[in-house]
Each structure stands twice: as C-alpha cells, then as structure tokens.
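Only one structure is covered here, and it is reproduced in the block below.
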Amino acid sequence: MNIPSTLKTTGRAAASLALVALSTAAAFAQEAAPAAPAAPAAPTPVLDTGNTAWMLTSTALVLMMTIPGLALFYGGMVRKKNVLATIMQSFAITCLVTVLWFMFGYSLAFTTNESASLNSYVGGFSRFFHHGITVSTLWLPGVANIPEFVFSMFQLTFAIITPALIAGAFAERMKFSALLIFMGLWLVFVYAPIAHWVWGGGFLGSAGVLDFAGGTVVHINAGVAGLVCALVLGKREGYGTTNMAPHNLVYSVIGASLLWVGWFGFNAGSE
Numbered sequence: 002m003n004i005p006s007t008l009k010t011t012g013r014a015a016a017s018l019a020l021v022a023l024s025t026a027a028a029f030a031q032e033a034a035p036a037a038p039a040a041p042a043a044p045t046p047v048l049d050t051g052n053t054a055w056m057l058t059s060t061a062l063v064l065m066m067t068i069p070g071l072a073l074f075y076g077g078m079v080r081k082k083n084v085l086a087t088i089m090q091s092f093a094i095t096c097l098v099t100v101l102w103f104m105f106g107y108s109l110a111f112t113t114n115e116s117a118s119l120n121s122y123v124g125g126f127s128r129f130f131h132h133g134i135t136v137s138t139l140w141l142p143g144v145a146n147i148p149e150f151v152f153s154m155f156q157l158t159f160a161i162i163t164p165a166l167i168a169g170a171f172a173e174r175m176k177f178s179a180l181l182i183f184m185g186l187w188l189v190f191v192y193a194p195i196a197h198w199v200w201g202g203g204f205l206g207s208a209g210v211l212d213f214a215g216g217t218v219v220h221i222n223a224g225v226a227g228l229v230c231a232l233v234l235g236k237r238e239g240y241g242t243t244n245m246a247p248h249n250l251v252y253s254v255i256g257a258s259l260l261w262v263g264w265f266g267f268n269a270g271s272e
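Using our numbering, the first residue of the sequence shown is number 2, and each one after it goes up by one.
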C-alpha cells in the first residue's frame, strides 16, 4: 500500500509537535515550585508550674486574712461575752461561701451568659457545680496557663473575705441564723453579679474599668453593704450609756498583722 507523500509529511509534523509538547510539559513540571509545607499545628498549652505555685501561695495568704486574721480582729473589738460568736461568724461565712461558690457563684461570676444582653450583668450556668472543669483544664491557656481549679479557688478567697468584712458592721447585733441567710443571698445576688461586671466580661469591664485587687468588687461593695446594714439596724442598744470597750486589743493587733501580711497575696496575686 502506497501512502501519499503529503500524508507522510503531515504525520511527521504532527509527531514532532507532540514530542515538543511533551518535552515542554515535562520541563514546566520540573521547574514548578514545590508545594508550600503545611502550617505547623499550634503548640498545646502547658501548665506553668511557676504561675501555679504563686497562685496557690496567694490563695493561702488571702484565706489567712479571713481565718484567722479578720476573725481575731473583730473578736478583739467586741465585748467579752460576744468574742466566740464574733470569731465563729468569720468561720461560718468561710464554710457557707465555699459551698455556694462551688455550686453557683463561680459560674455566675466568670462564665459567659448565652444571652448577650444578660451577659453584661451576670454570667451563665455552664460552670454550675464546676461542670466541665477537670484537672487538665487551664485558665487563660497560652497566657496564664494555670489550672482553672486554682483560679476558682483564688477567687473563692475574695468571695469569702468580702462578706466577712460586712460582718463588722453588725457585730453583736445579728442572730447567727439571720447572718447565714443574709450572707448566702448577698453572695449570689450581689457579689457574683458585681464580680461579673468587672472581672467576668460584664459591662464595666467592657467599658475599660480596671480593678486589679478588688477596689470595686471587694471594698466598695462591702463598704456600701456594711453601711446599709448599719443604717437599717440603727444604733446599738445602750450606746453611750453602757461600757462597750474592746475585750482584747491584743487579738485585734494580731488579726491586723495577719491582714497586713495577707495583702501581699491579695494584691500581688491579682496581677
């Protein structure tokens, strides 16, 4: 079979073009830049043992401010017959607030409410009974890297001393049962929301308010509550006619000294 010369020429040209195309593609494939390597995964936050040790130390110092510091300070300032009752008020407040903080207080103060409007005033329910917190849960991962349990315990000591400060406004003048009811309600409905306003992402914190050591949450809060209690209760019976000299100023000096030392954990731990 004879193939025309024209077809032979055309076939050779097509084969040549195909070879050129293949060689060009191979060259481009070799010269193409390699694919960018995958971005490395973000490092897993690791527990900071130094920060954790300092926060545990600060927690112990702040707790010492209430028991026995504040207990002795108030116990020395009242009359002899009321010393034990006044000291036990600080211990009872410590026990009560610890339970309520674990149940409700921490979540109401330091979590985000699902409702954006309510979140300006109070936290949510996600941490009720410390739900979802494990030994490996970190507070501010990548920044502080301390266990959330430790952070909650440090804030608990603030929640303890604040109502304990109020007790000085009505020392010797309130029944023990009334004290427990008042302090429980005050913690849940006053302290926890105000702590959220400033420290938990509420409207004051969002507005730029800074409170490094409880100037608003602890001191103004307790001061106003103590003033209201004193005004509601009125003057002491026998005020001005009965001898109400402090029973033991040595107790008060020891208590004040413990408060003074405890301030180091109160202020420096807040930083």
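Glycine included, every Cβ here is placed at the ideal spot set by N, Cα and C.
*Quick one: grab the DSSP three-state call for residue 134.*
Collapsing the DSSP output to three states places residue 134 in coil.
_N- and C-terminal bounds of the alpha helix (DSSP H) containing residue 78_ = Run containing residue 78: 72-78, per the alpha helix (DSSP H) assignment.
*Over the uninterrupted alpha helix (DSSP H) stretch that includes residue 280, give me the two end residues.*
Absent from the structure is residue 280, since the part of the chain shown begins at 2 and ends at 272.
*When the Cβ atoms of the region 148-166 are set against those of the region 218-231, are three or more pairs found closer than 8 Å?*
Under the 8 Å Cβ criterion, the region 148-166 counts as touching the region 218-231, having at least three qualifying pairs.
_Is the separation between the beta-carbon of residue 111 and that of residue 201 shorter than 7 Å?_
For the 7 Å CB-CB criterion, residue 111 and residue 201 form a contact.
*What number of angstroms, rounded off, separates the C-alpha of residue 242 from the C-alpha of residue 173?*
A straight-line Cα-Cα distance of about 16 Å links residue 242 and residue 173.
*Around the C-beta of residue 88, are 16 or more other C-beta atoms found within 10 angstroms, so that it is buried, or is it exposed?*
The C-beta of residue 88 has 16 or more other C-beta atoms within 10 Å across all chains shown, which makes the residue buried.
*Where residue 234 falls: helix, strand or coil (DSSP)*: DSSP places residue 234 in helix when its eight states are reduced to three.
*Is residue 142 helix, strand or coil when you go by DSSP?*
Three-state result, residue 142: coil.
*Proximal residues to residue 115 (C-beta, below 7 Å), its chain only, five neighbours per side dropped*: Closer than 7 Å at the Cβ level, and outside the excluded window around residue 115, lie 125.
*residue 68 to residue 139, Cα distance in whole Å?*
One Cα belongs to residue 68, the other to residue 139, and the distance between them is close to 28 Å.
*Could you have a look at residue 69 and say whether DSSP puts it in helix, strand or coil?*
For residue 69, the three-state secondary structure derived from DSSP is helix.
*Classify residue 194 as helix, strand or coil using the three-state DSSP reduction.*
Here residue 194 carries a helix assignment [DSSP, helix/strand/coil].
*asked:* Less than 6 Å between C-beta atoms, sequence neighbours within five positions excluded: which residues of the same chain meet that for residue 121?
replied: Once the five neighbours on either side are set aside, the close Cβ partners of residue 121 are 203 and 204.
*asked:* For residue 84, which residues in the same chain have their Cβ closer than 6 Å to its Cβ, ignoring the five residues on either side in sequence?
replied: Taken in chain order, the residues that qualify are 76 and 248.
*Spatial neighbours of residue 92 within its chain, please: CB distance less than 8 Å, with the 5 preceding and 5 following residues excluded, ordered by chain position.*
Correct list, in chain order: 68 and 72.
*Under three-state DSSP, which class holds residue 170?*
In the structure shown, residue 170 adopts helical secondary structure according to DSSP, grouped into three states.
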